[in-house]
Amino acid sequence: MTDTRALWIEQRVANESRSALVAYLLWFFFGMFGAHRFYLGRWVSGLIMLVLFGIGSALAFVLVGYIPLALVGLWWLIDALLIPGMIAADNAALRWQLMQEPRF
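Read left to right, the sequence shown gives residues 40 to 143 (this note's numbering).
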């Protein structure tokens, strides 16, 4: 691989990379809804987080809903540590994909 192609790949990765600041802002303000996971492209787990929060909120008056809310809260806290890894994994996958494209 030439230096020009490597530079082009790194520029594309930098341009298409997700912002850690935006991810953490979404995590802080809308994290219980899974908004940061939607932003980072983790649609299924974001949807699961949203559904768990909805079920927990709907059943909180019966005291059973606090279990899913506690799970979402724990998941929310753990995600604070996982966000940089998610961004790095996405960047690595994009870099690999760009390296596999044929040269023109």
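The C-beta atom is built at its ideal place from N, Cα and C for all residues, glycine as well.
Just so we're clear, the structure is a prediction, and the values are computed from it rather than from any experiment.
query	result
Determine the closest residue to PHE77 out of LEU91, ALA62 and ALA109, with distance taken between C-alpha atoms.	ALA62
Counting Cβ pairs closer than 8 Å, one from the region 47-61 and one from the region 114-128, do we hit at least three?	yes
Once you ignore the five residues that flank SER84 on each side, which residues in its own chain have a CB closer than 8 Å to its CB?	GLY73 and ARG76
Just mark VAL14 as buried or exposed, buried being the case when its beta carbon has 16 or more other beta carbons within 10 Å.	What the structure shows of the chain is the stretch from 40 to 143, and residue 14 is not part of that stretch, so it cannot be assessed.
In the structure shown, what three-state DSSP assignment does VAL145 receive?	For the chain, the structure presents residues 40 to 143; residue 145 sits outside this window and is missing.
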